[in-house]
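Trainee: Under my numbering, the residues of the sequence shown are numbered 4 to 202, in order. Glycine is no exception: its CB is placed at the ideal position from the N, C-alpha and C atoms.
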Amino acid sequence: MTVMTTMLRRHGATMFERNGREVAAHFGSPASEAAVCRSRVGLAERSDRATLELEGNPEAVGEALEELGQLGKAAWWVRTSPHRAIIRSDGAAVGACTSMMLRAEDVSVEDVSIEHAALDLVGPHAQDVLRAHLEQDGAPVVLVVRRDETCVELLVPRVYGPALWNDLLAAGDPYGIACVGLEALEHLDVSDRLSRRRT
Numbered sequence: 004m005t006v007m008t009t010m011l012r013r014h015g016a017t018m019f020e021r022n023g024r025e026v027a028a029h030f031g032s033p034a035s036e037a038a039v040c041r042s043r044v045g046l047a048e049r050s051d052r053a054t055l056e057l058e059g060n061p062e063a064v065g066e067a068l069e070e071l072g073q074l075g076k077a078a079w080w081v082r083t084s085p086h087r088a089i090i091r092s093d094g095a096a097v098g099a100c101t102s103m104m105l106r107a108e109d110v111s112v113e114d115v116s117i118e119h120a121a122l123d124l125v126g127p128h129a130q131d132v133l134r135a136h137l138e139q140d141g142a143p144v145v146l147v148v149r150r151d152e153t154c155v156e157l158l159v160p161r162v163y164g165p166a167l168w169n170d171l172l173a174a175g176d177p178y179g180i181a182c183v184g185l186e187a188l189e190h191l192d193v194s195d196r197l198s199r200r201r202t
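(1) With distances taken from CA atoms, which of Ala77, Leu74 and Ala63 is nearest histidine 86?
(2) Just to confirm, are histidine 136 and alanine 142 a CB contact at a threshold of 8 Å?
(3) Could you tell me how far apart the beta carbons of leucine 74 and histidine 119 are, in whole angstroms, since I believe they sit closer than 8 Å?
(4) In three-state DSSP terms, what is glycine 94?
(5) Terminal residues of the continuous alpha helix (DSSP H) containing glutamate 69?
(6) Could you tell me the boundaries of the beta strand (DSSP E) in which arginine 206 lies?
(7) How long is the line joining the alpha carbons of glutamate 36 and valine 81, rounded to whole angstroms?
(8) Kindly give me the distance between the Cβ atoms of valine 26 and glycine 126, rounded to whole angstroms, as I take these residues to be in contact under 8 Å.
(9) Please give the ranges of any beta strand (DSSP E) in the region 131 to 161, keeping only runs that are unbroken, at least 3 residues long and fully inside the region.
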C-alpha cells in the first residue's frame, strides 16, 4: 500500500482498482462530490492516468507530440525543455500513446507514473486554489500539466504527494474545497457530453 493510498483512506476514500492501480472511487457520496465540482472546487488523486516522459532532439520531440494530437483529449502534455515533454494519458489510451511514441525516430519514451503523484483541482475555483497554493512559502514545486478554467492537473514527485494534497486542502478551505473520487468525475464527464449533444 502506498503512502498516497493510506492518506486517501484517512480522508475517507473508498478505494478500487482501475488500470492496474488503486484509486479513490469516492469519499462517501459521488453525487455530492460532483455537485462540489460544479459549484466550488474538488480535489482528486489521478493515479488512474499514466505519466510518460518523452526525450530526444527538439525537432523529433515536436513531431512526436504533433502525432500524439491524433489521440484528442485522451492525451495531453507539457514541454519541460526543448528536449523533453511530460505526457499524461487516460489509462485506456496509454497503449496507443506509447506505441505512437515508440514509432517516432530519435526519441525515447518511459512510463514514469510510479515516480509522480497527480492531483486534479476541478471546479470554478480551481484557479483560485492553485494561486493560493503557489503563494504559500515552502510549497512543493508543482508541474501544471493541464489547465483550463475549471480543471488544473498538478504533478509532483510521489514523495511530495501527501504534502501537496494537504496543502491544497488548506489553500482551498476558503473556497469550499472537498475531496472527490473518480465516480464523481466520471459523472461530470458524462453530464458534460450529454449537455453538448443537446445544444
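Mentor: Well, looking at it:
(1) By one-based count along the sequence shown, residue 86 stands at place 83. Taking only the C-alpha atoms, the option nearest histidine 86 is Ala63.
(2) Stepping through the sequence shown from its first residue, residue 136 is reached at position 133. Stepping through the sequence shown from its first residue, residue 142 is reached at position 139. The answer is yes: Cβ separation under 8 Å.
(3) To locate residue 74, count along the sequence shown from 1; it is residue 71. To locate residue 119, count along the sequence shown from 1; it is residue 116. About 20 Å; that fails the 8 Å criterion.
(4) Within the sequence shown, the letter at position 91 stands for residue 94. Helix, per DSSP.
(5) Translated into the one-based positions of the sequence shown, residue 69 becomes position 66. It spans 61 to 71 - the alpha helix (DSSP H) in which glutamate 69 sits, taken as one unbroken run.
(6) Residue 206 lies beyond the stretch modelled for the chain, which goes from 4 to 202, so this question has no answer here.
(7) In the sequence shown, the residue the question calls residue 36 occupies position 33. In the sequence shown, the residue the question calls residue 81 occupies position 78. Distance between the alpha carbons of glutamate 36 and valine 81: 28 Å.
(8) Here residue 26 corresponds to residue number 23 of the sequence shown, with the count starting at 1. Here residue 126 corresponds to residue number 123 of the sequence shown, with the count starting at 1. Contact doesn't hold; Cβ gap of about 19 Å is too wide.
(9) Taking only runs of at least 3 residues, the beta strand (DSSP E) segments lying wholly in the region 131 to 161 are 146 to 150 and 154 to 160.
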